[in-house]
Amino acid sequence: MNAVTFQTEALKLEKLLYHISWSMLSDNEDCADAVQEALTRAWQKRDTLQSMRSFRPWLTRILYNVCVDILRSRKHLAQEPLDETLPAADPPITMDEDMQEALKHLSPDQRTAVVLHYLEGYKLREIAAMLDISQNTVKSRLMYARIYLKQTLLQSEPERRGC
Amino acid sequence: MSKRKLKQSLQSCVPNPPAVFSSAMRDTLAGIAQSEVQKENPPMKKLITKRRMLVYVIVAALLIASVAVAAVLLHNNVFTYTMGTTPENAESITYYNLADEIIGDAEVKVTQAAYDGMSLFISYSIRDLNATEPLGEYDKQCDMRLLTEEDYQQIYALNVGWWADHIWIDGKSVDMPSMSGGIDVGTDTPGEILYSMQYRLDQEDIYLDGDVQISMPIGEKQSLDSLVIDRENDQVALPDKGIITFTLDCSTRNQIIELTPNIETVGERWSASVSDVIFTPIQTYVTVDWSVNPDVMQAYIDANGDGFRDEDGTLYWLYTGVDAVGDEVQSLELVDKTGTPVFDSWDGFYGNQGVGPEQAWFTFPYSDNLPEELYLAPVIDGIVDMSYAIRVR
Chain A
249 MNAVTFQTEA LKLEKLLYHI SWSMLSDNED CADAVQEALT RAWQKRDTLQ
299 SMRSFRPWLT RILYNVCVDI LRSRKHLAQE PLDETLPAAD PPITMDEDMQ
349 EALKHLSPDQ RTAVVLHYLE GYKLREIAAM LDISQNTVKS RLMYARIYLK
399 QTLLQSEPER RGC
Chain B
4 MSKRKLKQSL QSCVPNPPAV FSSAMRDTLA GIAQSEVQKE NPPMKKLITK
54 RRMLVYVIVA ALLIASVAVA AVLLHNNVFT YTMGTTPENA ESITYYNLAD
104 EIIGDAEVKV TQAAYDGMSL FISYSIRDLN ATEPLGEYDK QCDMRLLTEE
154 DYQQIYALNV GWWADHIWID GKSVDMPSMS GGIDVGTDTP GEILYSMQYR
204 LDQEDIYLDG DVQISMPIGE KQSLDSLVID RENDQVALPD KGIITFTLDC
254 STRNQIIELT PNIETVGERW SASVSDVIFT PIQTYVTVDW SVNPDVMQAY
304 IDANGDGFRD EDGTLYWLYT GVDAVGDEVQ SLELVDKTGT PVFDSWDGFY
354 GNQGVGPEQA WFTFPYSDNL PEELYLAPVI DGIVDMSYAI RVR
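Residue numbers (this note's numbering), protein chains in the order written: chain A, 249 to 411; chain B, 4 to 396.
Structure representation (C-alpha cells):
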C-alpha cells in the first residue's frame with residue numbers, strides 16, 4: 249500500500265473515524281489528536297495489513313486503541329483541576345437534548361457501540377472486528393447502553409411534560 | 004424507542020466531523036504522502052504536537068472505569084443481566100447455588116441457572132478469596148458497578164475461569180449458538196465477578212428435558228491442547244480437568260405452548276407469515292418466514308448493483324431482501340387487532356433478534372394478558388402499518 253492509497257482509503261472513513269473518537273473522547277481536540285496518532289501508527293504498521301478488504305476494521309481498531317490510551321492518560325492526570333474553558337463538540341442545529349444528555353452518561357465503549365450500530369448501521373460482527381472484541385461483548389455493551397438510555401430518557405420525560 | 008427512532012435521535016445529536024478534526028486528518032495524511040514522495044525521514048512523528056490533555060476529574064474516573072462493562076442492577080438475577088429485565092414467572096424456573104468449589108485462592112460458584120424450553124440461562128461467579136474490596140466502581144446514578152481492566156487481571160491471576168469455547172450438556176459439547184450472549188458484572192462481595200450468559204439452544208435444535216448435566220470450563224485453566232476434538236462428529240470430548248458440573252431440572256419443556264399459524268400476509272414490498280410461535284413460562288419466541296417482492300428486489304439491484312463491492316469491484320456480498328427491505332421486517336412489533344403495540348419496545352432486549360434472507364426472529368415478554376388476536380406489524384416512525392400486519396394467533 250502506497251501513501252496515496254493510504255490517504256485515499258483513510259479519507260473515505262473520515263466520518264466513521266470521527267464518530268468513533270467522538271464516542272470515546274467527547275472532545276474535538278482530543279479527537280484530532282487521536283486521529284493523527286492513529287494514522288501515524290497505521291502507516292508505521294501498514295505491513296500488518298494483509299488485505300485492503302480489511303482496511304476499515306484495521307484502521308478503526310488502531311484508532312480505538314489510541315483512544316483507550318488517551319483515556320488512560322486522562323486517568324493519570326485526573327487530579328489536575330477541571331478546565332472550565334473546554335469547547336464542547338459542535339452539535340447539530342436541531343439537537344435532541346435529552347439524547348445528548350443521555351449519551352454523556354454512557355461509557356466510551358458503550359457510546360461507541362451505540363453509534364456504530366444504531367447510527368452507522370454496522371452489524372455486531374463488523375463492530376467486533378473493528379474494535380477487536382467479541383460479538384458478545386458488543387452485544388453486552390449495546391444492552392447496557394440501552395438500559396442507560398432508557399433510564400435517562402424516562403427520567404427526563406416528566407421534566408419535558410412539566411415544561 | 005424503535006431502532007429507527009433511536010437512529011434519528013442519534014443523528015440529531017452526534018456531530019459531524021468539525022474543521023479541527025478534518026484538518027488534522029488531512030494534514031497528517033498529506034505529511035505522510037509528502038514524506039513518502041521525498042524519501043526522507045519516514046513521517047513517524049506526529050505532525051502537530053499534543054495540544055493539551057483534557058481532564059474531567061469526575062467524568063474521567065467514570066469513563067476509565069468502564070473499559071469493561073459491568074453492572075449491579077436492581078435484582079441480582081440471571082435474566083436481568085442477559086435480557087435486560089426480569090420476566091414474570093422467572094422464579095418458577097430458576098435454580099440457585101448449583102455448584103461451589105474452592106480452587107486455589109478462588110471460589111467458583113454456579114449461582115443461578117434456568118431453562119425455559121428454548122434458552123439456557125446461567126450465572127456463575129469467581130471470587131478472589133484474598134480480596135478485601137469489591138471489584139469495580141459503583142455508579143450511583145445508574146445503579147451500576149463498572150469493572151476495570153485491573154479487575155479482570157486480578158481474577159485472571161487466579162488461573163481459574165472460562166478457558167474453552169464450549170459447554171457440555173450431558174457430555175456433548177455445544178458451542179455458543181447464534182443470538183446467544185453473555186456479560187460480566189461486579190458484585191458487592193469482595194473480589195467477585197459475576198458472569199451471566201444466555202444460550203439459545205433452540206438455534207442448534209437442542210431441546211432439554213428432565214434432569215440434565217451441564218459442564219462448564221470454568222475451573223482451573225487448562226491448555227487448549229488438552230482438548231480432544233472429534234472432527235468427524237463435530238464434538239469436543241468433555242475434559243477431565245478444569246470443569247465444573249451441575250445438574251439442572253429442565254422439565255420446563257412440557258410447559259411451553261407452540262403455535263404454527265402460517266397465515267401469509269402479502270404486501271406490496273414483501274410478504275411474510277409467522278411459522279412458529281412458542282410461549283415459554285418467561286417469554287414468547289416468534290419466527291417469521293418472509294420474502295421480498297421480486298420487483299422490489301430488482302429495483303433495488305437496478306439502483307445499487309447486484310451486491311456490495313469496493314472500489315476495485317471486489318464483491319463482498321450479493322444483495323438480498325435483507326438489504327432491500329430488511330429494516331421494515333426488523334421493525335415488526337407485537338400489536339393487537341387495532342394496531343396498538345402490546346409492549347413497550349424499551350422493555351429489556353425484546354423485539355427483533357435478527358433478520359435473515361428468509362427468516363426473522365423475535366422475542367417478547369411473557370404476559371397473562373395477551374390479546375386473543377395478535378399480530379406483528381411494522382412500526383415506522385412510531386406509526387403502525389397494519390397493511391403488513393402478520394397474524395401471530
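Glycine included, each C-beta is placed from N, C-alpha and C at the ideal position.
| Check | Outcome |
| --- | --- |
| Is the beta carbon of L354/A within less than 7 angstroms of some heavy atom of the ligand SAM? | Because no ligand of any kind appears in the structure shown, any question about the ligand SAM cannot be addressed here. |
| Output the boundary residues of the beta strand (DSSP E) element that contains R130/B. | 123-131 |
| For M347/A, which residues in chain B fall below 8 angstroms Cβ to Cβ? | S12, L13, S15, C16 |
| Quick one: Cα of K244/B to Cα of T366/B, how far? | 37 angstroms |
| Would DSSP call F249/B helix, strand or coil? | strand |
| Which residue comes first and which comes last in the alpha helix (DSSP H) that contains E94/B? | 93-96 |
| Chain A beta carbons: is any one of them nearer than 8 angstroms to that of N265/B? | no |
| Decide if D228/B is buried, meaning its Cβ has at least 16 other Cβ atoms within 10 Å, or exposed. | exposed |
| Just reading off the alpha helix (DSSP H) that N307/B is part of, what are its end residues? | 297-307 |
| Taking only beta-carbon atoms, is C279/A less than 8 angstroms away from chain B? | yes |
| If we cut at 8 angstroms on Cβ distances, does K263/A have a partner in chain B? | yes |
| Determine the burial state of L335/B: buried for a count of at least 16 other Cβ atoms within 10 Å of its Cβ, exposed for fewer. | buried |
| For D380/A and chain B, any beta-carbon pair shorter than 8 angstroms? | no |
| Cα separation between A337/A and A102/B? | Confidence is the limiting factor: at A337/A the pLDDT is only 46, short of 50, which leaves the residue's position unreliable and the question unanswerable from this model. |
| Would you mind reading off the limits of the beta strand (DSSP E) that contains W364/B? | 362-368 |
| Quick one: grab the DSSP three-state call for H267/A. | helix |
| Would you identify the three-state DSSP class for E235/B, choosing helix, strand or coil? | coil |
| Have a look at S294/B and Y391/B and give me their C-alpha separation to the nearest angstrom. | 13 angstroms |
| Answer with yes or no whether the minimum CB distance from A36/B to chain A is below 8 angstroms. | yes |
| Can you check whether the C-beta of M249/A is within less than 8 angstroms of a C-beta belonging to chain B? | no |
| Count the other C-beta atoms from every protein chain shown that fall within 10 angstroms of the C-beta of Y312/A, then say buried if there are 16 or more, exposed otherwise. | buried |
| Does DSSP put F346/B in a helix, a strand or coil? | coil |
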